[in-house]
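Presented below is the structure to which this report refers.
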Amino acid sequence: MHRQIKKKRSTLQDAHVFQVQGSYSFGSPSDYVSDEERRAELSRVHDELITLLKKQFPRTSNLEYAILKSHLIIEYLLTEYIRFHASVFVEKEQIRFSFSQKLEVACLMGFGAGDPSLIPTIHLLNKVRNQVAHTFAVDRKLVDEMVRLHSEDYKDFKMANDRERISGLRQVCAFICGMTIGFMQGSFVAAGKTA
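My numbering applies: residue 850 is where the sequence shown begins, and numbers increase by one.
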(Lines of atoms letter the chains of each structure in order from A and count residues from 1; the text may use other names and numbers.)
(Lines give C-alpha, C1' and ligand atoms only; values in the text may rest on other atoms or scores of the structure.)
Protein backbone atom coordinates (compact mmCIF):
# COMPACT_ATOMS: atom_id res chain seq x y z
CA MET A 1 0.00 0.00 0.00
CA HIS A 2 1.28 3.43 -0.90
CA ARG A 3 2.02 6.15 1.59
CA GLN A 4 -0.76 8.71 1.48
CA ILE A 5 0.36 12.30 1.01
CA LYS A 6 -1.20 14.85 3.37
CA LYS A 7 0.72 17.92 2.29
CA LYS A 8 -1.69 20.61 1.12
CA ARG A 9 -2.22 21.13 -2.59
CA SER A 10 0.17 23.71 -4.05
CA THR A 11 -1.16 27.20 -4.61
CA LEU A 12 -0.13 29.96 -6.97
CA GLN A 13 1.75 31.55 -4.08
CA ASP A 14 3.70 28.29 -3.57
CA ALA A 15 4.70 28.36 -7.23
CA HIS A 16 6.00 31.94 -6.92
CA VAL A 17 7.90 31.14 -3.71
CA PHE A 18 9.48 28.13 -5.43
CA GLN A 19 10.57 30.28 -8.39
CA VAL A 20 12.15 32.86 -6.05
CA GLN A 21 13.74 30.46 -3.53
CA GLY A 22 14.44 27.56 -5.88
CA SER A 23 13.28 24.90 -3.42
CA TYR A 24 10.10 23.24 -2.25
CA SER A 25 9.98 21.15 0.91
CA PHE A 26 8.56 17.70 0.30
CA GLY A 27 9.30 14.24 1.59
CA SER A 28 9.49 14.72 5.35
CA PRO A 29 7.46 12.31 7.53
CA SER A 30 5.00 15.12 8.32
CA ASP A 31 4.08 15.21 4.60
CA TYR A 32 2.52 11.73 4.84
CA VAL A 33 -0.33 10.11 6.73
CA SER A 34 1.17 7.81 9.38
CA ASP A 35 0.20 4.16 9.81
CA GLU A 36 -1.48 5.08 13.08
CA GLU A 37 -3.54 7.80 11.37
CA ARG A 38 -4.58 5.33 8.61
CA ARG A 39 -5.53 2.74 11.22
CA ALA A 40 -7.60 5.32 13.11
CA GLU A 41 -9.27 6.38 9.86
CA LEU A 42 -10.21 2.77 9.07
CA SER A 43 -11.64 2.36 12.56
CA ARG A 44 -13.65 5.58 12.20
CA VAL A 45 -15.09 4.52 8.85
CA HIS A 46 -15.97 1.07 10.23
CA ASP A 47 -17.73 2.59 13.25
CA GLU A 48 -19.57 5.18 11.14
CA LEU A 49 -20.82 2.51 8.73
CA ILE A 50 -22.20 0.45 11.61
CA THR A 51 -23.91 3.55 12.99
CA LEU A 52 -25.30 4.51 9.56
CA LEU A 53 -26.69 1.04 8.97
CA LYS A 54 -28.32 0.92 12.41
CA LYS A 55 -29.57 4.48 12.74
CA GLN A 56 -29.95 5.82 9.20
CA PHE A 57 -31.39 2.82 7.42
CA PRO A 58 -35.05 3.44 8.15
CA ARG A 59 -37.47 1.21 9.99
CA THR A 60 -40.12 1.94 7.44
CA SER A 61 -42.68 0.35 5.17
CA ASN A 62 -42.02 3.02 2.52
CA LEU A 63 -39.87 1.45 -0.21
CA GLU A 64 -39.02 4.79 -1.82
CA TYR A 65 -37.62 6.12 1.46
CA ALA A 66 -35.56 2.95 1.97
CA ILE A 67 -34.13 3.31 -1.54
CA LEU A 68 -33.12 6.93 -0.92
CA LYS A 69 -31.46 6.04 2.39
CA SER A 70 -29.66 3.04 0.85
CA HIS A 71 -28.33 5.28 -1.88
CA LEU A 72 -26.99 7.80 0.66
CA ILE A 73 -25.26 5.05 2.66
CA ILE A 74 -23.63 3.57 -0.46
CA GLU A 75 -22.56 7.04 -1.60
CA TYR A 76 -20.93 7.60 1.80
CA LEU A 77 -19.17 4.24 1.38
CA LEU A 78 -17.87 5.14 -2.09
CA THR A 79 -16.56 8.47 -0.79
CA GLU A 80 -14.68 6.75 2.04
CA TYR A 81 -13.32 4.09 -0.32
CA ILE A 82 -11.93 6.80 -2.61
CA ARG A 83 -10.45 8.72 0.33
CA PHE A 84 -8.73 5.61 1.65
CA HIS A 85 -7.23 4.56 -1.68
CA ALA A 86 -6.32 8.02 -3.00
CA SER A 87 -2.64 8.92 -3.19
CA VAL A 88 -3.42 12.26 -1.57
CA PHE A 89 -5.35 12.61 1.69
CA VAL A 90 -8.54 14.60 1.16
CA GLU A 91 -11.43 15.53 3.41
CA LYS A 92 -14.90 14.19 2.53
CA GLU A 93 -16.10 17.65 1.57
CA GLN A 94 -13.37 17.94 -1.06
CA ILE A 95 -14.77 15.03 -3.09
CA ARG A 96 -17.46 16.75 -5.11
CA PHE A 97 -18.39 14.14 -7.70
CA SER A 98 -21.80 12.82 -8.61
CA PHE A 99 -22.74 9.33 -7.42
CA SER A 100 -21.93 7.87 -10.86
CA GLN A 101 -18.57 9.63 -10.95
CA LYS A 102 -17.71 8.35 -7.46
CA LEU A 103 -18.55 4.82 -8.56
CA GLU A 104 -16.35 5.16 -11.65
CA VAL A 105 -13.41 6.54 -9.64
CA ALA A 106 -13.82 3.80 -7.01
CA CYS A 107 -13.82 1.17 -9.79
CA LEU A 108 -10.57 2.62 -11.13
CA MET A 109 -9.18 2.08 -7.63
CA GLY A 110 -10.23 -1.58 -7.57
CA PHE A 111 -13.71 -1.35 -6.07
CA GLY A 112 -15.74 -4.43 -7.00
CA ALA A 113 -12.95 -6.09 -8.97
CA GLY A 114 -13.44 -9.43 -7.22
CA ASP A 115 -17.25 -9.54 -7.13
CA PRO A 116 -19.31 -9.89 -10.34
CA SER A 117 -22.53 -8.73 -8.62
CA LEU A 118 -21.33 -5.64 -6.76
CA ILE A 119 -21.13 -3.04 -9.55
CA PRO A 120 -24.36 -4.17 -11.28
CA THR A 121 -26.15 -4.00 -7.91
CA ILE A 122 -24.98 -0.44 -7.32
CA HIS A 123 -25.95 0.56 -10.86
CA LEU A 124 -29.45 -0.82 -10.21
CA LEU A 125 -29.63 1.05 -6.89
CA ASN A 126 -28.68 4.28 -8.65
CA LYS A 127 -31.28 3.64 -11.35
CA VAL A 128 -34.12 3.07 -8.88
CA ARG A 129 -32.97 6.01 -6.75
CA ASN A 130 -33.15 8.24 -9.83
CA GLN A 131 -36.65 6.92 -10.57
CA VAL A 132 -37.79 7.80 -7.06
CA ALA A 133 -36.11 11.19 -7.06
CA HIS A 134 -37.29 12.29 -10.51
CA THR A 135 -40.57 10.51 -11.18
CA PHE A 136 -41.96 9.66 -7.72
CA ALA A 137 -42.23 6.04 -8.87
CA VAL A 138 -40.10 2.93 -8.63
CA ASP A 139 -39.83 -0.14 -10.82
CA ARG A 140 -40.18 -2.91 -8.25
CA LYS A 141 -38.83 -5.45 -10.75
CA LEU A 142 -35.49 -3.61 -10.66
CA VAL A 143 -35.48 -3.68 -6.84
CA ASP A 144 -36.28 -7.41 -6.95
CA GLU A 145 -33.46 -8.01 -9.43
CA MET A 146 -31.02 -6.09 -7.23
CA VAL A 147 -31.94 -8.15 -4.16
CA ARG A 148 -32.00 -11.38 -6.19
CA LEU A 149 -28.35 -10.88 -7.21
CA HIS A 150 -27.44 -11.42 -3.55
CA SER A 151 -30.05 -14.00 -2.64
CA GLU A 152 -29.15 -17.48 -1.43
CA ASP A 153 -32.19 -18.70 -3.39
CA TYR A 154 -31.33 -17.14 -6.76
CA LYS A 155 -33.22 -19.66 -8.93
CA ASP A 156 -36.50 -19.64 -7.00
CA PHE A 157 -36.31 -16.03 -5.82
CA LYS A 158 -39.63 -14.27 -5.15
CA MET A 159 -40.61 -11.05 -3.42
CA ALA A 160 -44.14 -10.91 -2.03
CA ASN A 161 -44.34 -7.27 -0.93
CA ASP A 162 -42.48 -4.04 -0.19
CA ARG A 163 -41.69 -5.16 3.36
CA GLU A 164 -39.64 -8.04 1.92
CA ARG A 165 -38.03 -5.67 -0.58
CA ILE A 166 -36.99 -3.29 2.20
CA SER A 167 -35.59 -6.17 4.25
CA GLY A 168 -33.67 -7.42 1.21
CA LEU A 169 -32.42 -3.92 0.46
CA ARG A 170 -31.20 -3.58 4.06
CA GLN A 171 -29.31 -6.88 3.77
CA VAL A 172 -27.75 -5.93 0.43
CA CYS A 173 -26.68 -2.54 1.80
CA ALA A 174 -25.14 -4.15 4.92
CA PHE A 175 -23.36 -6.76 2.78
CA ILE A 176 -21.84 -4.14 0.46
CA CYS A 177 -20.68 -2.03 3.41
CA GLY A 178 -19.25 -5.01 5.28
CA MET A 179 -17.49 -6.41 2.26
CA THR A 180 -15.99 -3.05 1.34
CA ILE A 181 -14.69 -2.17 4.80
CA GLY A 182 -13.28 -5.70 5.02
CA PHE A 183 -11.48 -5.15 1.71
CA MET A 184 -10.09 -1.83 2.94
CA GLN A 185 -8.85 -3.42 6.18
CA GLY A 186 -7.41 -6.36 4.26
CA SER A 187 -5.47 -4.11 1.90
CA PHE A 188 -4.04 -2.28 4.91
CA VAL A 189 -2.97 -5.57 6.53
CA ALA A 190 -1.59 -6.90 3.22
CA ALA A 191 0.72 -3.88 3.12
CA GLY A 192 2.31 -5.13 6.34
CA LYS A 193 0.24 -3.05 8.71
CA THR A 194 -2.13 -4.27 11.41
CA ALA A 195 -5.75 -3.19 11.30
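Using N, Cα and C, we set each Cβ at its ideal position, and we do this for glycine too. Just so you know, these numbers come straight off a predicted model, no measurement behind them.
Assigned exposure category for residue i - 16 Cβ within 10 Å defines buried
i, result
"S949", "exposed"
"Q943", "exposed"
"L891", "buried"
"L926", "buried"
"V868", "The sequence as given places Gln at residue 868; Val does not occur at that position. So Q868 ends up on the exposed side."
"H983", "exposed"
"L967", "buried"
"F875", "exposed"
"D985", "Asp is not the amino acid found at residue 985; the sequence shown has Phe there. F985 should be labelled exposed."
"V1038", "exposed"
"Q1020", "exposed"
"Q1034", "buried"
"L957", "exposed"
"T909", "exposed"
"L1018", "buried"
"T860", "exposed"
Limits of the unbroken alpha helix (DSSP H) element including residue i
i, result
"P969", "L967 to T984"
"M1028", "D1011 to A1039"
"A889", "D884 to T900"
"Y914", "L912 to H934"
"A962", "It is not in any alpha helix (DSSP H) - A962 carries neither H nor E in the DSSP assignment."
"E994", "R989 to R997"
"V866", "L861 to Q870"
Closest residue to residue i among the options (Cα-Cα distance)
i, options, result
"V954", "L967, K941 and Y930", "Y930"
"F1032", "H895, F867, G876 and I971", "H895"
"F960", "Q980, H934, K941 and R945", "H934"
"V981", "G1041, Y914, I971 and D964", "Y914"
"A1009", "P878, D884, P965 and K990", "K990"
"C1026", "D884, E897, S877 and T860", "E897"
"R1130", "P878, H999 and A864", "Because the chain here runs from 850 to 1044, residue 1130 falls outside it and cannot be looked at."
Whole-Å CB distance - residue i paired with residue j, under 8 Å assumed
i, j, result
"L974", "I1030", "Contact doesn't hold; Cβ gap of about 18 Å is too wide."
"Y881", "I854", "6 Å"
"L902", "C1022", "7 Å"
"V939", "R932", "6 Å"
Cβ-Cβ distance between residue i and residue j below 9 Å
i, j, result
"R978", "S1016", "no"
"Y1003", "R1012", "no"
"V992", "I916", "yes"
"V937", "R887", "no"
"L912", "R1014", "yes"
"D964", "M1028", "yes"
Residue i beta carbon near the ligand MG (any heavy atom closer than 8 Å)
i, result
"H972", "Within the structure as shown, the ligand MG is missing, as the structure has no ligands at all."
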